[in-house]
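Trainee:
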Amino acid sequence: MTIIVHHLENSRSQRILWMLEELGLPYEVKRYERDAKTMLAPPELRRIHPLGKSPVIVDTDDDGRVVAETGAIIDYLVEKADGRLGPPTHRAGVLRYRHFLHYAEGSLMPPLLVKLVLGRVPLFGKAAQKKFQPMIDVHLDYVEGELAARPWFAGEEMTAADIMMSFPLEAARSRAGLDASRSHTLRWLETIHARPAYQAALVAGGPYAYA
Numbered sequence: 001m002t003i004i005v006h007h008l009e010n011s012r013s014q015r016i017l018w019m020l021e022e023l024g025l026p027y028e029v030k031r032y033e034r035d036a037k038t039m040l041a042p043p044e045l046r047r048i049h050p051l052g053k054s055p056v057i058v059d060t061d062d063d064g065r066v067v068a069e070t071g072a073i074i075d076y077l078v079e080k081a082d083g084r085l086g087p088p089t090h091r092a093g094v095l096r097y098r099h100f101l102h103y104a105e106g107s108l109m110p111p112l113l114v115k116l117v118l119g120r121v122p123l124f125g126k127a128a129q130k131k132f133q134p135m136i137d138v139h140l141d142y143v144e145g146e147l148a149a150r151p152w153f154a155g156e157e158m159t160a161a162d163i164m165m166s167f168p169l170e171a172a173r174s175r176a177g178l179d180a181s182r183s184h185t186l187r188w189l190e191t192i193h194a195r196p197a198y199q200a201a202l203v204a205g206g207p208y209a210y211a
């Protein structure tokens, strides 16, 4: 019995593979490629979940339960692993954990996605990107300050909040101005990339542009 990960190339689902590797839970990967023109997920994913998005997991240990949305999957896996990679025991750490678990997709990822879309708009896209960059810089400065205060987002140990934060910060390094001027954030990225579980997830998931 195992968890089936419906994994789309260069997507948020890479975080789920990393999470599973960190937890040591058995899983199987079903890979999907993006449409070469639209870069969207293929229609086959709608057979698994009506939204047709990745990541989606199917837990064969739980009567084939289907779980979608990265944050929901992360919560599900923490519970399945008896709390491992969950929040710290002290209240301040718990609150930071909850914050960054939701901040990753709720606040940090949207402006990065907008910048990506603007980059594909002819003529005015590049000009709009420049005006949009200061909004992203506010987030990158905030993250840098948090990682200057502690080694991990929730505290002294890595948690699922760090796994959630990985994708937007990798995207920011790739296309949104995250560079050596924010040394604590880059050090954090280098640390997660060096983890054996992260490396194993790359092998399992195939090519990943942001690693």
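Position 98, counted from 1, in the sequence shown is what the working numbering calls 98; the numbers after and before it change by one each time, with no gaps. Idealized CB from N, CA, C, for every residue including glycine. Keep in mind that this is a model prediction, so the values were computed, not measured.
#1: Considering only C-alpha positions, which residue in the set Asp137, Val29, Pro42 is nearest to Met109?
#2: Are at least three pairs of beta-carbons, each pair with one atom in the segment 178-188 and one in the segment 92-108, less than 8 angstroms apart?
#3: In its own chain, which residues sit with a C-beta less than 6 angstroms from the C-beta of Gln14, not counting the 5 before and 5 after it?
#4: Could I get the ranges of all uninterrupted alpha helix (DSSP H) runs contained in the segment 163-211, with 4 residues as the minimum, in chain order?
#5: Assign Asp61 to one of three DSSP states: helix, strand, or coil.
#6: To the nearest whole angstrom, what separates the beta carbons of Leu8 and Tyr32, a pair I think is in contact under 8 angstroms?
#7: Compute the beta-carbon to beta-carbon distance between Ile57 and Ile73, rounded to the nearest angstrom, for a pair I have assumed lies under 8 angstroms.
#8: Whose C-beta lies closer than 8 angstroms to the C-beta of Gln133 among residues of the same chain, with five residues either side of it excluded?
#9: Since Gly79 is in the alpha helix (DSSP H), which residue starts that stretch and which ends it?
#10: For Glu28, does the three-state DSSP call read helix, strand or coil?
#11: Rounding to the nearest angstrom, what Cα-Cα distance links Thr89 and Gly119 in this structure?
#12: My understanding is that Ala154 touches Gly93, with C-beta atoms under 8 angstroms, so please give their C-beta distance in whole angstroms.
Mentor: The structure says:
#1: Residue numbering aside, residue 109 sits at position 109 when the sequence shown is read from its first letter. Closest by alpha carbon: Asp137.
#2: no
#3: Within the sequence shown, residue 14 is the residue found at index 14, counting from 1. Contacts found: Gly205, Tyr208.
#4: 183-193, 196-205
#5: The residue given as residue 61 occupies position 61 in the sequence shown. Of the three classes helix, strand and coil, the one that applies to Asp61 here is helix, per DSSP.
#6: If you number the sequence shown from 1, residue 8 lands on position 8. If you number the sequence shown from 1, residue 32 lands on position 32. Correct: roughly 5 angstroms between the Cβ atoms.
#7: Here residue 57 corresponds to residue number 57 of the sequence shown, with the count starting at 1. Here residue 73 corresponds to residue number 73 of the sequence shown, with the count starting at 1. With a Cβ gap of about 6 angstroms, Ile57 and Ile73 count as contacting.
#8: Stepping through the sequence shown from its first residue, residue 133 is reached at position 133. Closer than 8 angstroms at the Cβ level, and outside the excluded window around Gln133, lie Lys115, Ala176, Gly177.
#9: Taking the first residue of the sequence shown as 1, we reach residue 79 at position 79. Checking the sequence shown, residue 79 turns out to be Glu, not Gly. From DSSP, the alpha helix (DSSP H) with Glu79 extends over 70-80.
#10: Counting from 1 along the sequence shown, the entry for residue 28 is found at position 28. Glu28: strand per DSSP, three-state reduction.
#11: Here residue 89 corresponds to residue number 89 of the sequence shown, with the count starting at 1. Here residue 119 corresponds to residue number 119 of the sequence shown, with the count starting at 1. In a straight line, the C-alpha of Thr89 is about 43 angstroms away from that of Gly119.
#12: If you number the sequence shown from 1, residue 154 lands on position 154. If you number the sequence shown from 1, residue 93 lands on position 93. So it is a contact: roughly 5 angstroms between Cβ atoms.
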